[in-house]
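Colleague: I'd like to ask you about the structure that follows.
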Amino acid sequence: MIAFVIRRLLQSLIVMLTVGFVAFSMFNFLGDPINNMVGQDATEAEREHLRHVLGLDQPFYIQFLVYLGNALQGQFGMSYRLGMPVVRALAERLPATLELVFCAAGLALLVGVPLGVYTGLHRDRWLSKVFLTLSLIGISLPTFLIGILLILVFAVYLGWLPSFGRGDVVDLGWWTTGFLTVSGIKALILPAITLALFQLTLVMRLVRAEMMEVLRTDYIKFARARGLTNRAVHFGHALRNTLVPVITITGLQIGSLIAFAIVTETVFQWPGMGLLFLQAVQFVDVPVMSSYLVLIAFFFVAINLVVDLLYYFVDPRLRADRAVASGHG
Amino acid sequence: MQNEPLLRVDGLRVEFPGRRGTLVAVDDVSFDIAPGEVLGVVGESGAGKSMTGSAIIGLLEPPGRIAGGSISLDGRRIDNLPYEEMRRIRGKHIGAIFQDPLTSLNPLYSVGRQLVETITTHSDISEKAARDRALALLQEVGIPAPERRIDQYPHQFSGGMRQRVVIALALCANPRLIVADEPTTALDVSIQAQIIALLKRLCREHGTAVMLVTHDMGVIAETADRVAVMYAGRIAEIGPVRDVIKNPRHPYTVGLMGSIPRMGHDAERLTQIDGSMPRLTEIPAGCAFNPRCPYVFDRCRVERPDRMAVAPFHEAACWKYADGVGHA
Amino acid sequence: MAVASVPGAVRRFVDSDVFYSFRRSKVTMAAAAVTFVIVICSVLAPWIVPHNTYDVRSLNLLDAFTPPVWIEGGKPQYLLGTDDQGRDVFSTIMLGARVSLLVGFCATLFAMTIGVFLGLVSGYIGGTTDAVIMRVADVKLSFPAILIALLIDGVARGIIPRDMHDDLALYVVIFSIGISNWVAYARTVRGSTLVEKNKEYVQAARIIGLHPLTIMIRHVLPNVMGPVLVIGTLGLAGAILAEATLSFLGVGVPGTQPSLGTLIRVGNNFLFSGEWWMTIFPGVMLVILVLAVNLLGDWLRDALNPKLR
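Protein chains in written order, with the working numbering: chain A, 599 to 927; chain V, 2 to 329; chain W, 6 to 314.
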């Protein structure tokens with residue numbers, strides 16, 4: 599177990615270093631950082647001085663190490679566009695994005711898994727076919743269009759819910775939350791549904807496919823042959839066995855939800871990191887772009903680690919022979 | 002055989018509707034199994050023997066379905082029962098053992114949990130009592146140190162040990178009949194004999210009847226009381242094991258016996274049946290065996306033979322015995 | 006000789022399982038028909054649209070914000086109404102679908118080429134090359150395609166001089182979508198290559214000294230075309246969606262050649278003032294196109310996978 603975790607941590611470290619290197623390269627090669635800091639009329643001597651002060655005359659690998667050192671201390675430079683430290687800009691926006699993402703993920707799982715189980719168990723019922731058709735439409739609907747349609751119906755025509763922003767938020771000092779006010783929760787509904795819908799269809803189709811796969815296995819046939827009740831066979835034996843792939847995908851999906859939040863946040867003008875990132879892309883605000891990349895990578899790595907640990911609780915094969923397990927994660 | 006049979010299969014027909022017409026996997030198959038009797042069912046793969054077993058336990062894979070005939074257990078028809086009623090019979094009255102012990106057990110549950118779950122499903126006893134019974138069963142199927150093994154997971158058992166667990170699971174509600182589908186095929190040769198011996202001993206002790214599906218004539222010879230030889234979805238020959246082996250009547254059985262080496266007959270050449278069993282889509286008219294049969298005559302190509310008596314309790318579906326002479 | 010074998014090939018296809026399952030599924034046939042019509046219309050769009058909306062001189066600003074013809078105030082020459090600049094929505098949709106499909110096809114082809122090539126190389130050569138490629142694929146896979154496409158777009162904005170940006174934007178989009186989608190092909194092809202590599206005929210081909218590239222393309226590639234085709238079809242739907250998303254976010258194709266995503270973005274600004282047709286019609290077109298392609302891909306996957314039938 600410990601060897602396994604250490605191995606995984608090492609892998610994560612390599613991924614983070616790679617991403618850090620990419621971010622650093624963007625930083626260094628996308629335009630001259632000096633140009634972005636000093637005015638047009640700065641003399642060559644002033645530029646040289648700044649270059650020296652910032653360590654830009656150092657060899658490449660030294661600069662990379664310095665970058666890593668700064669990153670570890672949470673220093674990612676200044677945003678060109680906002681004129682404030684990138685870390686502060688991201689930290690201000692982080693709660694909005696995370697609250698949105700977790701609501702969407704919860705919604706996708708709470709609805710997607712039961713639908714997947716139902717359609718997997720009752721392949722030929724008409725309700726399954728309805729769900730399946732809807733899911734196909736779901737994966738063909740781009741997220742932004744879902745958002746637009748929801749706004750059109752619930753904000754423009756019915757006027758029930760707000761179409762943009764986060765509503766009133768409560769500042770807890772280190773975190774701002776929209777959960778504690780009515781307007782905050784109302785503002786959350788449409789964006790969360792928008793973000794969840796695509797993932798929901800994915801989760802449903804995945805669970806369905808896994809369920810059908812598992813129901814064909816010998817141990818399910820043998821469980822039936824022993825006269826176990828349908829309930830025990832379906833929810834005890836089959837569902838449990840579909841969990842491993844579902845956990846994997848869910849983990850990956852939470853990561854991609856954070857990224858897809860870019861689109862949702864744009865549609866709803868949700869003040870999160872995604873909107874910040876998109877604006878950074880449009881203005882070539884490299885420090886924000888590269889830092890966002892590093893942050894997303896960190897989320898991914900952390901989520902993957904959690905997913906790997908969850909396997910241990912689900913699959914006894916991994917629990918028992920540790921040496922073997924670490925070979926085929 | 003004077004007694005009422007435990008299981009009676011009468012004119013069973015299993016069909017698979019497919020895109021190029023309906024496949025008949027099992028065609029007009031009839032046989033009885035008496036209480037405590039071991040019936041071997043032998044044949045090549047695709048002969049319909051596993052399909053017959055699946056039909057009996059009511060677990061034909063869709064789109065396969067019973068299209069005709071009947072299956073009765075203790076005089077009560079079970080082939081047309083609703084799923085829930087059949088479920089109560091499965092495990093409790095009819096147990097099943099499948100080919101591959103490696104895949105028959107749920108990898109995510111300990112063997113103890115799977116045993117206890119099965120026991121409590123079929124009888125109204127406490128979790129604790131069920132666990133004691135599970136321990137006793139593991140002991141009975143020859144698993145050493147059951148107290149330690151009961152909480153382990155399937156992957157911690159060897160193939161032979163897993164098949165012992167599977168047998169324990171099949172026996173745990175004391176069924177009166179077990180359908181064992183190739184129970185040793187996936188195992189090491191060295192372990193096969195042990196498992197067969199175990200199955201035979203347990204069933205004798207519990208008075209359990211067995212329908213033993215296999216393609217291994219050696220296993221049948223050692224274990225079964227009677228044997229049914231299947232070919233292309235039909236029973237070609239059925240009779241007491243000694244009679245069929247010593248004096249096979251159907252040309253297919255003769256060929257089958259000829260391809261098995263026998264002790265004390267080293268000098269004798271092993272014979273082989275030419276050709277292979279027809280696919281279910283292209284079963285020839287008349288007797289299905291006629292293209293490969295060395296004794297074929299005109300009638301075989303036109304008319305399908307029914308089973309006819311060739312000796313006491315011994316029947317073969319072959320026109321050779323149509324005139325009732327039989328005792329060649 | 007070649008002529009004589011054509012009917013044979015057609016006959017074999019008509020008799021095949023794939024065609025059988027195609028004929029049996031009405032939904033699939035409908036999806037194929039819809040896809041076919043959209044593709045044909047898109048290819049011919051510049052010659053068949055009622056109004057050439059790329060031609061600024063033909064636009065009449067007085068006709069701006071005309072609603073669809075069946076709503077009061079609609080004009081017969083503008084079937085689905087006009088946008089803020091007086092462009093005929095029906096025409097912009099046809100021309101927009103053309104851009105969307107073009108980007109989708111090119112990006113998919115690009116991803117397929119890279120993916121198949123890397124998969125072949127990875128599986129055939131093995132060793133360190135394989136390890137490096139697959140590691141990169143793993144890292145790539147943990148990032149959503151949309152994020153990578155956005156980053157590449159941002160980087161491109163930084164590198165490309167501002168005045169050339171609009172000219173190159175289309176290629177940047179194709180590149181960024183393509184490069185973020187090659188992994189699925191690479192993994193599938195690698196897996197099949199590993200299996201094929203050890204078969205006797207490949208060994209034999211190697212012994213008689215055929216060039217590895219020849220072996221890969223002539224012997225290994227045909228065996229993996231089925232799955233590649235499935236991934237490609239579903240990938241096309243994904244690429245069209247990705248392009249629409251990028252364009253909606255304002256970092257996709259330039260406004261001078263609007264794609265469906267661009268049209269939706271522009272229309273979105275007028276959603277609150279009630280001119281819904283500028284958003285909804287391109288949106289419906291996009292969904293129909295993607296849904297049809299997805300249906301085809303779904304069917305193809307099931308038809309080529311006998312286990313599920």
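Here a beta-carbon is modelled for each residue, glycine too, at the ideal position from N, C-alpha and C.
What you are looking at is a predicted structure, and each value in this text was computed from that prediction instead of being measured.
Could you check where the alpha helix (DSSP H) with T695(A) kicks off and where it finishes?
Modeller: That run of the alpha helix (DSSP H) goes V684 to L719.
Colleague: Less than 8 Å between the CB atoms is what I'm expecting for D89(W) and F286(W), so what's the real figure, rounded?
Modeller: Wrong, their Cβ atoms sit about 14 Å apart, outside the cutoff.
Colleague: Using beta-carbon positions only, say whether E238(V) and E304(V) come within less than 8 Å of one another.
Modeller: no
Colleague: Kindly indicate which three-state DSSP category M212(V) falls into: helix, strand or coil?
Modeller: strand
Colleague: Where DSSP assigns a beta bridge to I98(V), which residues make up the other side?
Modeller: A181(V)
Colleague: List the whole-angstrom C-beta distance separating G266(W) from G272(W), where the pair is believed to meet the contact cut-off of C-beta under 8 Å.
Modeller: That belief does not hold up - the Cβ atoms of G266(W) and G272(W) are roughly 11 Å apart, past 8 Å.
Colleague: Taking Cβ positions, are G128(W) and K202(W) nearer each other than 8 Å?
Modeller: yes
Colleague: Assuming V167(V) and S105(V) form a contact by the criterion Cβ under 8 Å, report the distance between their Cβ atoms to the nearest whole angstrom.
Modeller: Here V167(V) really is in contact with S105(V); their C-beta atoms are around 5 Å apart, less than 8 Å.
Colleague: On the DSSP letters alone, give me the boundaries of the alpha helix (DSSP H) that F858(A) sits inside.
Modeller: L837 to F866
Colleague: Skipping 5 residues on each side, what residues in its chain have a beta carbon closer than 6 Å to that of R9(V)?
Modeller: D33 and S73
Colleague: Quick check on the DSSP output: the alpha helix (DSSP H) that includes V271(W) runs from which residue to which?
Modeller: L265 to N273
Colleague: Beta-carbon within less than 6 Å of L84(W)'s beta-carbon, same chain only, minus the 5 sequence neighbours each way: which residues are those?
Modeller: V74 and F95
Colleague: Can you list the beta strand (DSSP E) stretches of 3 or more residues lying completely in the region 232-259 of chain V, in chain order?
Modeller: Runs found: 235-241.
Colleague: Does the count of Cβ pairs from the region 183-198 of chain W and the region 231-238 of chain W closer than 8 Å reach three?
Modeller: yes
Colleague: Report the option in L175(W), A154(W) and L156(W) whose CA atom is closest to the CA atom of Q262(W).
Modeller: With distances taken between CA atoms, Q262(W) lies nearest to L175(W) out of L175(W), A154(W) and L156(W).
Colleague: Using a Cβ cut-off of 8 Å (strictly closer), state whether H156(V) contacts chain A.
Modeller: yes
Colleague: With DSSP collapsed to three states, give me the class of R920(A).
Modeller: For R920(A), the predicted model reports a pLDDT of 40, less than 50, meaning its position is unreliable; a value from the coordinates is still stated below. DSSP places R920(A) in helix when its eight states are reduced to three.
Colleague: Going along chain V in order, which residues have a C-beta closer than 9 Å to the C-beta of L837(A)?
Modeller: By Cβ distance, chain V contributes nothing, its closest Cβ being about 10 Å from L837(A), past 9 Å.
Colleague: Rounded to whole angstroms, what is the Cα-Cα separation between C46(W) and T97(W)?
Modeller: 12 Å
Colleague: With a cut-off of 8 Å on the beta carbons, I'd call P869(A) and Y678(A) a contact; round off their distance for me.
Modeller: Taking C-beta atoms under 8 Å as the contact rule, P869(A) and Y678(A) fail to qualify, at a distance of about 20 Å.
Colleague: State buried or exposed for Y84(V), treating a residue as buried only when at least 16 other CB atoms are found within 10 Å of its CB.
Modeller: Burial call: exposed.
Colleague: Among V620(A), V892(A), D816(A) and Q851(A), which has the Cα closest to the Cα of A836(A)?
Modeller: D816(A)
Colleague: For P789(A), which three-state DSSP category applies?
Modeller: helix
Colleague: 8 Å is my cut-off, CB to CB: does G675(A) come that close to chain V?
Modeller: No, because no Cβ of chain V sits closer than 8 Å to the Cβ of G675(A).
Colleague: Throw me the rounded Cβ distance for the L719(A) and M809(A) pair, which I believe falls under 8 Å.
Modeller: In this structure, L719(A) and M809(A) form a Cβ contact; the two beta carbons are roughly 7 Å apart against a cut-off of 8 Å.
Colleague: Anything in chain W within Cβ reach of L734(A), meaning under 9 Å, just list it in chain order.
Modeller: L296, N299, L300 and D303
Colleague: Return the chain-ordered list of same chain residues with a C-beta closer than 6 Å to the C-beta of D101(V), the five sequence neighbours on each side being excluded.
Modeller: A187
Colleague: Report the neighbours of A858(A) on chain W: residues whose CB is nearer than 8 Å to its CB, in chain order.
Modeller: The sequence shown places Phe at residue 858(A), not Ala. Correct list: P149 and I151.
Colleague: Helix, strand or coil: which one does DSSP assign to A329(V)?
Modeller: Confidence at A329(V) is low in this model, with a pLDDT of 42, below 50, so the placement of that residue should be treated as unreliable; the coordinate-derived value is given next. Coil.
Colleague: Taking only runs of the beta strand (DSSP E) that begin and end inside the region 53-104 of chain V, which ones reach a length of at least 3 residues, in chain order?
Modeller: 66-74 and 95-98
Colleague: Quick check on P18(V): does DSSP put it in helix, strand or coil?
Modeller: strand
Colleague: Reducing DSSP to helix, strand and coil, say where M278(V) ends up.
Modeller: coil
Colleague: Does chain V have any CB closer than 8 Å to the CB of M817(A)?
Modeller: Here the sequence assigns Tyr to residue 817(A), which means Met is not the residue at that position. Answer yes: the Cβ-Cβ gap between Y817(A) and chain V drops below 8 Å somewhere.
Colleague: Note down, in chain order, all residues in the region 259-286 of chain W with a beta-carbon under 9 Å from any beta-carbon belonging to chain A.
Modeller: G266, I269, R270, G272, N273, L276, F277, G279, W281, T284 and I285
Colleague: What in chain V is Cβ-close to P546(A), meaning under 7 Å?
Modeller: No answer is possible for residue 546(A): it lies beyond the span of chain A, which begins at 599 and ends at 927.
Colleague: Look at the alpha carbon of V104(W) and the alpha carbon of F622(A), and state the distance between them as a whole number of angstroms.
Modeller: 35 Å
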